[in-house]
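Asks: These protein sequence lines map, in sequence, to chains A and B.
Quick note on my numbering: the first sequence kicks off at 7 and runs consecutively.
Quick note on my numbering: the second sequence kicks off at 877 and runs consecutively.
A single structure is presented below for examination.
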Amino acid sequence: MSFFSFLKQNWPELSTLLRQHLSLVLISTFVAVAIGIPTGILLTRKKSLRGPVLGLANIMQTIPSLALFGFLIPLPFIGGIGARTAIVALVVYALLPIIRNTVTGIVGVDPNVREAAVAMGMTGRQILWQVELPLAMPVIITGVRVAMVIAIGVATIAAAVGAGGLGVYIFRGLRQYDNKLLLAGAVPAALMALSADFGLGLLEKHFSFAGRRKTGAGPRVKLITLGGVAIIALALLFYSGWRNSRSADPAANNDHVVVGSKDFTESVILAEIVAQMLEARGVTVERKYELGGNLPHDAMLASRLDLYPEYTGTSYTAILHHQPITDPRAVYEQVKAEYAQKFGVAVSEPLGFENTFAILIRGAEARRLKLKTISEAARYASNWRAGFGQDFMSRADGYPGFSKAYGLKFADQPREMDLSLTYIALSSGQVDLIAGNSTEGRIAALDLFQLEDDRHYFPPYEAVYLVRQDTLSGVAQLREVLAKLAHAISTEEMRQLNYEVDANKRSQAEVVREWMKRKGFDGL
Amino acid sequence: MNDSTDNPLVAFRDVSFSHASAAAPIISHLTFLVAPGETLVLLGQSGCGKTTTLKLINRLLLPDAGEVIVEGKPTTEWDPIRLRRRTGYVIQEGGLFPHFSVAENVALVPALEGWEQARIRRRVDELLSLVGLEPRDFADRYPAELSGGQRQRIGVARALAADPPLLLLDEPFGALDPLTRASLQREFATLSKSLNKTAVFVTHDVREALLLGSRIGLMQAGNLLLLETPENFLKAKNEQAMAYLETLRVSAGSIQEDAP
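Structure below.
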């Protein structure tokens, strides 16, 4: 399938993502202008505030975007998951260039001109509107231009908090190693940034008085028309955004369940299974998929999410901060008890499969060296390069403990990269050992071999659903669905489901629908 | 002369002014009157306080001690906006608004005062002709398209626009080449006579002072050393005044020596 036929086929989704992206950028830029320009003006009047405010804006801009999203989610009113949080974050990033350029532009007005304005008997307000702002306008527009280009870039990360936008394609493309998806997200974002830069560049030129020659009222009328059109377009965007967000009130209402997922295929599939089964039972489901890092956990504690799929080992180590242990039953019971007590969150029965770390090497290598277990492989490690996801590198049961348990020493410091890229890096020979997921669909497809964890180092990662207790007691259908799904999915089934989505590029919804039919879960 | 000094347009009464940063006062105990219709020239070196004196009149600055009285009322009691709109102000380099056309620059104060469009247009044409610029050619141009002399003419036209009783001029012709300066000085002399405006004119050029002033105030270190008509100034025995006049003789003498 060529890139263009891919675009054609996915146009409805792509156009939605484009619209989401554009409205995120326009609304946040608009809000940042509405806050930034008056703040900048204030700073020209109160010099003592200038240092602290610009310093603060500077610091805010250095906060990594995912960290900022994580910080915003639990906050009331401005937080949560979805477009609102993304807009708040984008505004935070857009403020600095706008404030700074407003100050620079106004302070840079020729003192002779300002003195003349005062001496002619202009009031402070008249000087601001008729002299300072018009003369500072090219510089201010440069600030808006920078802010907007930043916003277009950062908005791709907004997909991690469920705000949609072109980042959805970029993240999905990275996960599925699908260049077409990646490009379908990245190219429109880049084009958007270029056209914003170009368009605002024209506007800047228009406002620059140096470029002005004998011009009558014509351009000014045109400009007012242009401004009017822009304002109307923004108002429409706001309105549609408001209409969408009205239906997105937080959870816990009786036949309304917010289902979330983490940002990888399996999590989305598991979430989609619950979602479809609930919908078959007349429950309204709101989907908040592909949330990055531990955002689903934060969102659930903030009552923005009712349910998401999780793994007992992750809860045990990453959330509850226990040292890893190897007994699956003990881990499950401990997680269940602590979640109920600490978070008011219930843990479903295990779904029947584990998604543990799978230490993988190339199949050809395994056959050549006749390797079966990690212990056997350990003696070759000094010639190998390893590549691990950020998650594996940092967590307690990840690389540090793992390498110690097996006495592993690699040729180089392991390469830290995006998890979904490690499979490709391994199969193409750029690294020789990775830590993948045991249910990854591409293990068979790329002829990778899973080494046995013969020292039982990795703790159990049984798949479960985490549900807010309030929701569970409020929605009877949810209890019924979770009972049906207990021990219902095998490792092989999960690999197959993952493979259908990741390798065969089919939609999660479709794959889930088919699987439910096979299992006889589609009826009531 | 007597009855006009009884009813001065501007009066300084024992006025002092100093900057927070500087130890020495910029103006100390300054007292003088400006009579209606006269052109008072404040002559002095840079830093002598002549520009500060000017700024005290239209309340760009307020005195630390003493009173500046304009039209019978201390500047502290004036609404600064009203006072400034009744006071024309011309500065060196013009201070024209670069984003306003010539017509818009000249129309500034009338527009602020809410005049009707037609009246403003008439007034702008009238003023441009008055300062020797053809309205049809210049009204729609922007300051960046004009020569220094033309910009300064626009500056004078802008100051005259709302027909203020008082004009303040701060070295208006200081940055111009000698020929342009000479012709603008002559035109201004004619203009101020025909319009019967009261003006306070700051300069460091004694020739300009003698040409334009009905009285000349010689300033040094924030004080008035001398306040005389041009005729008496030429006869003054004051050391500083004689030094200024000496520069005149030297340059005139050197011209004569150079002549064939």
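Beta carbons are placed, not taken as given, at the ideal position from N, Cα and C, and that holds for glycine.
1) Measure the alpha-carbon distance for Pro256 of chain A versus Glu138 of chain A and round it to whole angstroms.
2) Under DSSP, the alpha helix (DSSP H) around Asp1098 of chain B begins and ends at which residues?
3) Are the beta-carbon atoms of Ile945 of chain B and Arg889 of chain B separated by less than 8 Å?
4) Report back the beta-carbon spacing between Ala192 of chain A and Phe177 of chain A to the nearest angstrom; my notes put them in contact at under 8 Å.
5) Considering only their Cβ atoms, is the gap separating Ile133 of chain A from Gly46 of chain A smaller than 8 Å?
6) Look at the alpha carbon of Arg1062 of chain B and the alpha carbon of Pro974 of chain B, and state the distance between them as a whole number of angstroms.
7) Using a Cβ-Cβ cutoff of less than 7 Å, which residues in the same chain neighbour Glu989 of chain B once the five nearest sequence positions on both sides are dropped?
8) Relative to the C-alpha of Gly923 of chain B, which candidate in B:Pro901, B:Phe908, B:Ala911, B:Pro884 has its C-alpha closest?
9) Which residues in the same chain as Gly171 of chain A place their Cβ atom closer than 7 Å to its Cβ, once the five residues preceding and following it in sequence are excluded?
10) Looking at Leu930 of chain B: is its Cβ nearer than 8 Å to the Cβ of Gly1093 of chain B?
11) Tell me which residues share the same chain as Leu197 of chain A and place their Cβ nearer than 6 Å to its Cβ, disregarding the 5 neighbours each side in the sequence.
12) Can you give the Cα-Cα distance for Gly447 of chain A and Met522 of chain A, rounded to whole angstroms?
13) Contact criterion: CB-CB distance below 8 Å. Does Ile902 of chain B meet it with respect to chain A?
14) Return the CA-CA distance between Leu484 of chain A and Pro315 of chain A, expressed in angstroms with no decimal places.
15) Quick check: what's the CA-CA separation for Arg1012 of chain B versus Leu13 of chain A?
16) Quick check on Arg219 of chain A: does DSSP put it in helix, strand or coil?
17) Pick helix, strand or coil for Arg519 of chain A, following the three-state DSSP scheme.
18) Assuming the contact rule is C-beta atoms closer than 8 Å, Ser444 of chain A and Asn504 of chain A should be a hit. Round their C-beta distance to whole Å, please.
19) Looking at the structure shown, is Asp203 of chain A part of a helix, part of a strand, or coil, going by DSSP?
20) If you reduce the DSSP assignment to three classes, tell me which class Leu885 of chain B lands in.
21) When the distance is taken between beta carbons, is Leu206 of chain A closer than 8 Å to Val150 of chain A?
22) List the residues of chain A whose Cβ lies closer than 7 Å to the Cβ of Phe973 of chain B, in chain order.
23) Which residues in the same chain have their Cβ closer than 8 Å to the Cβ of Ser475 of chain A, if we skip the five residues on either side of it in sequence?
24) Which same chain residues end up closer than 8 Å to Leu188 of chain A when comparing Cβ atoms and leaving out the 5 residues on each side of it in sequence?
25) At a CB-CB cut-off below 7 Å, which residues of chain A make contact with Ile957 of chain B?
26) Threshold first: 3 residues or longer. Then list the beta strand (DSSP E) segments lying entirely within the stretch 441-526 of chain A, N to C.
27) List, from N- to C-terminal side, the alpha helix (DSSP H) runs of 4 residues or more that fit wholly inside the stretch 370-428 of chain A.
28) Do Arg1091 of chain B and Leu885 of chain B have their C-beta atoms within less than 8 Å of each other?
29) When we look at the beta-carbon of Arg1027 of chain B and count the other beta-carbons within 10 Å, is it buried (16 or more) or exposed?
30) Go ahead and label Gln396 of chain A buried or exposed: buried means 16 or more other beta carbons lie within 10 angstroms of its beta carbon, across all protein chains shown.
31) Is Thr477 of chain A closer than 8 Å to Asp312 of chain A when the C-beta atoms are compared?
32) Shortest alpha-carbon distance to Asp459 of chain A belongs to which of A:Ile331, A:Pro117, A:Ile365, A:Pro356?
33) Please compile the residues from chain A whose C-beta is within a distance smaller than 9 Å of the C-beta of Asn1099 of chain B.
34) Is the beta carbon of Ile325 of chain A sitting closer than 8 Å to the one on Pro465 of chain A?
35) What whole-angstrom Cβ distance do Ala515 of chain A and Glu278 of chain A have, given they're in contact under 8 Å?
36) Quick one: using the 10 Å Cβ neighbour count with 16 as the cut-off for buried, is Gly964 of chain B buried or exposed?
Replies: This is what the structure gives:
1) Here the question's residue 256 of chain A lines up with position 250 in the first sequence. Here the question's residue 138 of chain A lines up with position 132 in the first sequence. Low confidence applies here, because Pro256 of chain A scores a pLDDT of 44, under 50, leaving its location unreliable; read the following figure in that light. The alpha-carbon atoms of Pro256 of chain A and Glu138 of chain A are separated by roughly 45 Å.
2) Locating residue 1098 of chain B in the second sequence gives position 222, where the first residue counts as 1. Reading off the sequence, residue 1098 of chain B comes out as Gly, not Asp. Gly1098 of chain B -> no alpha helix (DSSP H), and no H or E assigned at all.
3) Taking the second sequence and counting its residues from 1, the one referred to as residue 945 of chain B is at position 69. Taking the second sequence and counting its residues from 1, the one referred to as residue 889 of chain B is at position 13. Going by C-beta atoms, Ile945 of chain B is nearer than 8 Å to Arg889 of chain B.
4) Counting from 1 along the first sequence, the entry for residue 192 of chain A is found at position 186. Counting from 1 along the first sequence, the entry for residue 177 of chain A is found at position 171. With 8 Å as the limit, Ala192 of chain A and Phe177 of chain A do not qualify as a contact, their Cβ atoms being about 11 Å apart.
5) On the first sequence, residue 46 of chain A is found 40 positions in, with the first residue counted as 1. On the first sequence, residue 133 of chain A is found 127 positions in, with the first residue counted as 1. Against a cut-off of 8 Å, the Cβ pair of Ile133 of chain A and Gly46 of chain A comes out as no contact.
6) Here the question's residue 1062 of chain B lines up with position 186 in the second sequence. Here the question's residue 974 of chain B lines up with position 98 in the second sequence. Using only the alpha carbons, I get a separation of about 27 Å.
7) By one-based count along the second sequence, residue 989 of chain B stands at place 113. Same-chain partners within the cutoff: Arg961, Ala1038.
8) For the purposes of this step, residue 923 of chain B is taken as the residue at position 47 of the second sequence. Comparing Cα-Cα distances from Gly923 of chain B to each of B:Pro901, B:Phe908, B:Ala911, B:Pro884, the minimum goes to B:Pro901.
9) Against the first sequence, residue 171 of chain A aligns to sequence position 165. The residues are Leu23, Gln26, His27, Leu30, Ala161, Thr162, Ala164, Ala165.
10) On the second sequence, position 54 is the one that residue 930 of chain B refers to. On the second sequence, position 217 is the one that residue 1093 of chain B refers to. Contact: no.
11) Stepping through the first sequence from its first residue, residue 197 of chain A is reached at position 191. No residues qualify anywhere along the chain.
12) The residue you call residue 447 of chain A lines up with position 441 of the first sequence. The residue you call residue 522 of chain A lines up with position 516 of the first sequence. Rounded to the nearest angstrom, the two C-alpha atoms are 19 Å apart.
13) As a first step, residue 902 of chain B is located in the second sequence; it is residue number 26 there, counting from the start. No, Ile902 of chain B does not count as interfacial toward chain A.
14) Your numbering for residue 484 of chain A matches position 478 in the first sequence. Your numbering for residue 315 of chain A matches position 309 in the first sequence. C-alpha separation (whole angstroms): 14 Å.
15) One-based indexing of the second sequence puts residue 1012 of chain B at position 136. One-based indexing of the first sequence puts residue 13 of chain A at position 7. Distance between the alpha carbons of Arg1012 of chain B and Leu13 of chain A is about 59 Å.
16) The residue labelled residue 219 of chain A in the question sits at position 213 within the first sequence. Residue placement at Arg219 of chain A is flagged as unreliable, the pLDDT there being 48, under the threshold of 50; the coordinate-derived value follows with that caveat. Residue state, collapsed to three classes: coil.
17) Position 513 of the first sequence, counted from the start, is the residue given in the question as residue 519 of chain A. Here Arg519 of chain A sits in helix by DSSP.
18) Indexing the first sequence from 1 puts residue 444 of chain A at position 438. Indexing the first sequence from 1 puts residue 504 of chain A at position 498. Going by Cβ atoms, the distance from Ser444 of chain A to Asn504 of chain A rounds to 11 Å, so no, they are not a contact pair.
19) The residue labelled residue 203 of chain A in the question sits at position 197 within the first sequence. Asp203 of chain A falls in the helix class under three-state DSSP.
20) Taking the second sequence and counting its residues from 1, one reaches residue 885 of chain B at position 9. Coil at Leu885 of chain B, not helix or strand.
21) Here residue 150 of chain A is taken as the residue at index 144 of the first sequence, counted from 1. Here residue 206 of chain A is taken as the residue at index 200 of the first sequence, counted from 1. Yes; because the gap between Cβ atoms is below 8 Å, this pair is in contact.
22) Counting from one through the second sequence, the residue named residue 973 of chain B turns up at place 97. In chain order: Val119, Val137.
23) Locating residue 475 of chain A in the first sequence gives position 469, counting from the first residue. One point to set straight first is that residue 475 of chain A is Gln, not Ser, in the sequence displayed. Closer than 8 Å at Cβ, skipping near neighbours: Ala346, Gly350, Val351, Ala352.
24) Counting from 1 along the first sequence, the entry for residue 188 of chain A is found at position 182. So the list reads Tyr175, Ile176, Gly179, Leu180, once near-sequence residues are dropped.
25) Here residue 957 of chain B is taken as the residue at index 81 of the second sequence, counted from 1. Ordered by position in chain A, the residues that pass the 7 Å Cβ test against Ile957 of chain B are Gly127, Thr129.
26) 454-457, 469-474
27) 380-384, 396-400, 405-411
28) Here residue 1091 of chain B refers to the residue found at position 215 of the second sequence. Here residue 885 of chain B refers to the residue found at position 9 of the second sequence. Going by C-beta atoms, Arg1091 of chain B is not nearer than 8 Å to Leu885 of chain B.
29) Start at 1 with the first residue of the second sequence, and residue 1027 of chain B comes out as number 151. Looking at its Cβ environment, which holds 16 or more other Cβ atoms inside 10 Å, Arg1027 of chain B is buried.
30) Residue numbering aside, residue 396 of chain A sits at position 390 when the first sequence is read from its first letter. Burial call: exposed.
31) Taking the first sequence and counting its residues from 1, the one referred to as residue 312 of chain A is at position 306. Taking the first sequence and counting its residues from 1, the one referred to as residue 477 of chain A is at position 471. A contact, by the Cβ cut-off of 8 Å.
32) Within the first sequence, residue 459 of chain A is the residue found at index 453, counting from 1. Of A:Ile331, A:Pro117, A:Ile365, A:Pro356, the residue nearest in Cα terms is A:Ile365.
33) Residue numbering aside, residue 1099 of chain B sits at position 223 when the second sequence is read from its first letter. Ordered by position in chain A, no residue passes the 9 Å Cβ test against Asn1099 of chain B, which lies about 25 Å from the chain.
34) One-based indexing of the first sequence puts residue 325 of chain A at position 319. One-based indexing of the first sequence puts residue 465 of chain A at position 459. No, these two residues do not count as a Cβ contact at 8 Å.
35) As a first step, residue 515 of chain A must be located in the first sequence, where it is residue number 509. As a first step, residue 278 of chain A must be located in the first sequence, where it is residue number 272. Yes, they are in contact, since the Cβ atoms of Ala515 of chain A and Glu278 of chain A sit about 6 Å apart, within 8 Å.
36) Looking up residue 964 of chain B in the second sequence gives position 88. Looking at its Cβ environment, which holds 16 or more other Cβ atoms inside 10 Å, Gly964 of chain B is buried.
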